[in-house]
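**Student:** Residues in the sequence shown are numbered from 608 upward in steps of one, following the working numbering.
Even glycine gets a Cβ: it sits at the ideal position worked out from N, Cα and C.
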Amino acid sequence: MAGRIRQSDVEEVKKRTNLADLVGDYVTLKNAGIDSMKGLCPFHDERSPSFHVRPALGYYHCFGCGESGDAFTFVQRMDHLTFAETVERLAARIHYVLTYEEGGFQREQGPNRARLLAANQAAAAFFVAQLATDEGAAGRDFLTGRGFDPAAAERFGVGYAPRGWSGLTEHLTGQGYTPAELAQSGLVSEGQRGVYDRFRGRVVWPIRDTSGQTLGFGARKLYDDDPGPKYLNTPESPVYHKSQVLYGLDVAKRAISRGKRAVVVEGYTDVMACHLAGIETAVATCGTAFGRDHIAVLRRIMGDDSAAEVVFTFDPDEAGQKAALRAFSEEKRFTAQTYVAVAPDGLDPCDLRLHRGDEAVRELFTRKTPLFEFALRQAVARFDLNSVEGRVSALREAAPIIAEIKDPSLRPGYARELARMLGVDLAEVQQAVRAAGQHAARRAGGQARGAQGGPGGTGGSGGGRPSSGGADERFAGASGRGAGTTAGDDRLDPSEDPGSGRPAPRIGLSSLRSAPTTWLERDALMAMLQQGEHVGADLMQQAATAMVSEPNLRVVRDAIAAAMAAAHGAAGLEQVLAAAPESHHGLIRELAMAPMPERRPEHLGAYARDVVVSLLDRDLLSLKQELLARLQRIAGSDPAASRRIQEQLVALESARRGLRDE
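(1) In whole angstroms, what is the alpha-carbon distance linking Ile886 and Ala948?
(2) Taking the alpha-carbon of Arg770 as reference, which of Asp831, Gln1239, Met1154 and Arg940 has the nearest alpha-carbon?
(3) What residues in its chain sit with their C-beta under 6 Å from that of Gly1108, if we drop five residues either side in the sequence?
(4) Quick check on DSSP: helix, strand or coil for Thr706?
(5) CB of Pro845 to nearest heavy atom of the ligand HEM: below 8 Å?
(6) From which residue to which residue does the alpha helix (DSSP H) around Val1220 run?
(7) Assess, as a yes-or-no matter, whether the stretch 1030-1043 is touched by the stretch 999-1009 under the definition of 3 or more beta carbon pairs within less than 8 Å.
(8) Is Met644 helix, strand or coil when you go by DSSP?
(9) Answer with buried or exposed for Thr817, where buried requires no fewer than 16 other C-beta atoms within 10 angstroms of its C-beta.
(10) Taking 8 Å as the threshold, find out whether the stretch 641-654 comes into contact with the stretch 731-743 through three or more Cβ pairs.
(11) Let me know the beta strand (DSSP E) ranges lying completely inside the stretch 759-793, each 3 residues or longer, listed in chain order.
(12) Out of Val968, Leu664 and Lys621, which one is the CA nearest neighbour of Phe690?
(13) To the nearest angstrom, report how far apart Gly825 and Tyr767 are at their CA atoms.
(14) So Asp661 is in the alpha helix (DSSP H); what residue range does that whole segment cover?
(15) Pull up the CB-CB distance for Thr785 and Gln728, whole angstroms please, since I reckon it's below 8 Å.
(16) Using CA coordinates, which residue listed in Lys939, Leu856 and Glu788 is at the minimum distance from Asp632?
(17) Work out the CA separation of Gln1182 and Ala1172 for me, nearest whole Å.
(18) How far does the beta strand (DSSP E) with Glu916 in it extend, from its first residue to its last?
(19) Reducing DSSP to helix, strand and coil, say where Lys939 ends up.
(20) Using the rule of at least 16 other Cβ atoms within 10 Å of the residue's Cβ for burial, across every protein chain shown, is Glu761 buried or exposed?
(21) Within 10 Å of its beta-carbon, does Gly801 have 16 or more other beta-carbons around it, so buried, or fewer, so exposed?
(22) Does DSSP put Phe824 in a helix, in a strand, or in coil?
(23) On the DSSP bridge assignment, give the partners of Asp804 in chain order.
(24) Relative to the C-alpha of Arg623, which residue among Gly673, Leu697, Ala950 and Asn638 is closest?
(25) Quick one, which of Val1220, Gly910, Glu695 and Gly874 has its alpha-carbon nearest Arg861's?
(26) So the candidates are His1141, Gly764, Gly953 and Ser913; which of them puts its Cα closest to the Cα of Lys1013?
(27) Within a Cβ cutoff of 6 Å, which residues of the same chain sit near Tyr592, ignoring the five residues on either side of it in sequence?
(28) Going by alpha carbons, who is nearest to Val795 out of Phe755, Glu843, Phe749 and Asp748?
(29) Use the C-beta contact count for Asn1159: other C-beta atoms within 10 angstroms, 16 or more gives buried, fewer gives exposed.
(30) Taking contact to mean 3 or more Cβ pairs, one atom from each stretch, closer than 8 Å, check whether the stretch 1127-1143 and the stretch 1183-1202 are in contact.
(31) Whose C-beta lies closer than 7 Å to the C-beta of Arg720 among residues of the same chain, with five residues either side of it excluded?
(32) Determine the contact status of Thr920 and Pro956, defining contact as a CB-CB distance below 9 Å.
(33) What would DSSP say about Ser600, mapped onto helix, strand or coil?
(34) Any idea what DSSP makes of Ser675, helix, strand or coil?
(35) Do you know offhand how far Arg1120's Cα is from Ile612's?
(36) Given this structure, state the Cα-to-Cα distance separating Arg1250 from Thr1124, to the nearest angstrom.
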């Protein structure tokens, strides 16, 4: 690129980008109040949603890990792009034509992610076109033999890689892509004689992210003289990480989000078969075992609803049994209920559809079995139960499975079932299960002691209009996760200069002292940052000088005052951040992002004014108490001073009434 993107275009792209829609491509968001949505954070693993998006404000913030920013920073963090690449991506998303200025801009060194994604997209189009050629008949025949017509192939973007060594390479270099870019993307391999096509003589499936961008490919060989593996995937690349992608998620994500159900199958054709049979929540891993990164991806789409379901399918062979046990070992990371479905005669979903029709595929998932029960039976089946050694080994293997069942009410029943399966006394099984549970608890306790962070609540709602669901409920559960701070002496006081060499703790809502005075100050500053136009200029000016006892909130108050002075009136979030020390940017963003207690739009402005008035009224009450104490100390010894104090008290009462009448 010859120059830098015009600044006015950058601002226009940001203004036109709907942040909720953008984030929604990666995370399932739910309404959390007026101009507030929330979901599971895509930047760290969490069990309850603490990631908030404010579409009108154009900002997101996670109250768990502290990540925050706008549309640009979200895409940069999610897709590892440079700023210029991010602007180009978002501009293309809204069909906005950018203008470039000469000079000043140099791309960062290293792989250009946008170019690699574009190369993958061009390759996907090339493969689709090749499927329609004479040579592509081999690919079409394979698909037809698996029960897929041209419409199905088009729906999933299936293509064909020709048998030659350089068909794709020549096509993409003709479009301006360099051999180095093609190698970085994993589309070509490098040998002594140069680069050559990685995929040759194969049916090819594009592997896409949730926004529909092609990250890589999976390919199945068609010819007997092909010495390569049956399935060949794109290698790890700057844009493709197989442990973090699920094939079919781009077409399944909305159905998964709506139905709170995901079906995890083992192959590309299984995904296609399930979708065509009406199971539109099917996805598959891409040449790797189902692991914790896949769980994180699914949880962000499904949310953490305990009624949600994840149904796995596994082949009945030894590899399938191992896959089931691996899945169960990570099962506790799901809030959702987990199941396994095994087709009759060991057929996978594609073969089942081919031989018995769509209805058989749908029935497969109605006959699901809890995953822990499947894992239990698979574990026992590995041992010879006719020998004492085999029964002991089976008990040792199966007891931890029962101990890890999430619903404790089910454990006694499965302990009895295991005793029946092994032919041993129930007491023996119960003892083994208890021992396994105690061992797991000790192990979990040791891990917890080694982790950072600690408790720290923010208490109840401050002053202002009462409402259901106070501020303490909003921040409960977000106060300790990943904050890196603990209550008490570890909290950073803004008046101190940390010179210990240790990284300073992140200052956020969880850093605030838990006291009623703090709750009121916090809620008033939230109202000023979020609803300044409803609070009004006069009240904002008064509140910007109000007494704030919490040191960290005092920094925020001073930043608001400085921003208002610099802007000669109302100041936005950007101006407040510019006026504050960087150490307090996270706290300011949290105050600007946190849902207000008042959920009714027509009452939100009144609530904001009320809570700010409560802060000012507290100031006046404090002054009144001070004047009354001074009057008592004089005790008639100085009539003139007593008269002045009484006049001030009358003025204070008038000022308090004026606050409520405004």
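**Tutor:** On the basis of the supplied data:
(1) Taking the first residue of the sequence shown as 1, we reach residue 886 at position 279. Taking the first residue of the sequence shown as 1, we reach residue 948 at position 341. If I take the Cα positions, the gap works out to 13 Å.
(2) Locating residue 770 in the sequence shown gives position 163, counting from the first residue. Comparing Cα-Cα distances from Arg770 to each of Asp831, Gln1239, Met1154 and Arg940, the minimum goes to Asp831.
(3) Against the sequence shown, residue 1108 aligns to sequence position 501. Any answer about Gly1108 is weak, because its pLDDT of 42 lies below 50 and its placement is not dependable; what the coordinates show is given next. So no residue of the chain qualifies.
(4) Taking the sequence shown and counting its residues from 1, one reaches residue 706 at position 99. Correct three-state label for Thr706: coil.
(5) Ligands displayed in this structure: none; no statement on the ligand HEM is therefore possible.
(6) As a working mapping, residue 1220 is identified with position 613 in the sequence shown. First-last of the alpha helix (DSSP H) with Val1220: Pro1208 to Ile1241.
(7) yes
(8) Counted from its first residue, the sequence shown places residue 644 at position 37. In the structure shown, Met644 sits in a strand (DSSP, three-state: E or B).
(9) Working through the sequence shown from its first residue, we reach residue 817 at position 210. Buried, because 16 or more other Cβ atoms sit within 10 Å of the Cβ of Thr817.
(10) Between the stretch 641-654 and the stretch 731-743, the count of C-beta pairs closer than 8 Å stays below three; the two stretches do not touch.
(11) 766-768
(12) Position 83 of the sequence shown, counted from the start, is the residue given in the question as residue 690. Across the set Val968, Leu664 and Lys621, the C-alpha of Lys621 shows the shortest separation from the C-alpha of Phe690.
(13) The sequence position of residue 825 within the sequence shown is 218, counting from 1. The sequence position of residue 767 within the sequence shown is 160, counting from 1. C-alpha separation (whole angstroms): 11 Å.
(14) As a first step, residue 661 must be located in the sequence shown, where it is residue number 54. Residue identity check: residue 661 is Arg in the sequence provided, not Asp. Here Arg661 belongs to no alpha helix (DSSP H); instead the beta strand (DSSP E) covers Phe658 to Arg661.
(15) As a position in the sequence shown, residue 785 is number 178, starting the count at 1. As a position in the sequence shown, residue 728 is number 121, starting the count at 1. That pair is no contact at about 16 Å.
(16) Looking up residue 632 in the sequence shown gives position 25. It is Leu856 whose Cα lies nearest to the Cα of Asp632.
(17) To locate residue 1172, count along the sequence shown from 1; it is residue 565. To locate residue 1182, count along the sequence shown from 1; it is residue 575. The alpha-carbon atoms of Ala1172 and Gln1182 are separated by roughly 10 Å.
(18) Residue 916 sits at position 309 when you count from the first residue of the sequence shown. It spans Glu916 to Thr920 - the beta strand (DSSP E) in which Glu916 sits, taken as one unbroken run.
(19) Residue numbering aside, residue 939 sits at position 332 when the sequence shown is read from its first letter. Three-state result, Lys939: helix.
(20) Translated into positions along the sequence shown, residue 761 becomes position 154. Exposed.
(21) If you number the sequence shown from 1, residue 801 lands on position 194. Exposed, since its Cβ has fewer than 16 Cβ neighbours within 10 Å.
(22) The residue labelled residue 824 in the question sits at position 217 within the sequence shown. DSSP places Phe824 in strand when its eight states are reduced to three.
(23) On the sequence shown, residue 804 is found 197 positions in, with the first residue counted as 1. DSSP, once it has assigned bridges, lists Val795 as partnering Asp804.
(24) Stepping through the sequence shown from its first residue, residue 623 is reached at position 16. Comparing Cα positions, the closest option is Leu697.
(25) Taking the first residue of the sequence shown as position 1, residue 861 is located at position 254. That would be Gly910, whose Cα lies nearest to the Cα of Arg861.
(26) As a first step, residue 1013 must be located in the sequence shown, where it is residue number 406. Taking only the C-alpha atoms, the option nearest Lys1013 is Ser913.
(27) Only positions 608 to 1269 of the chain appear in the structure, and residue 592 is not among them; the question remains open.
(28) Your numbering for residue 795 matches position 188 in the sequence shown. Minimum Cα distance to Val795 is reached at Glu843.
(29) Here residue 1159 refers to the residue found at position 552 when the sequence shown is read from its first residue. The residue is buried, with at least 16 neighbouring Cβ atoms inside 10 Å.
(30) yes
(31) Indexing the sequence shown from 1 puts residue 720 at position 113. For Arg720, where only same-chain residues beyond five positions count, the Cβ hits under 7 Å are Asp686, His687, Leu688, Glu692, Pro845 and Val846.
(32) For the purposes of this step, residue 920 is taken as the residue at position 313 of the sequence shown. For the purposes of this step, residue 956 is taken as the residue at position 349 of the sequence shown. Cβ distance < 9 Å, so Thr920 and Pro956 count as in contact.
(33) With the chain represented from 608 up to 1269, any question about residue 600 goes unanswered, as that position is not in the structure.
(34) By 1-based counting over the sequence shown, the position of residue 675 is 68. Looking at Ser675 - three-state DSSP - the assignment turns out to be strand.
(35) Residue 1120 sits at position 513 when you count from the first residue of the sequence shown. Residue 612 sits at position 5 when you count from the first residue of the sequence shown. Straight-line Cα distance between these residues: approximately 45 Å.
(36) Residue mapping note: residue 1250 aligns to position 643 of the sequence shown, counting from 1. Residue mapping note: residue 1124 aligns to position 517 of the sequence shown, counting from 1. Cα-Cα distance, rounded: 32 Å.
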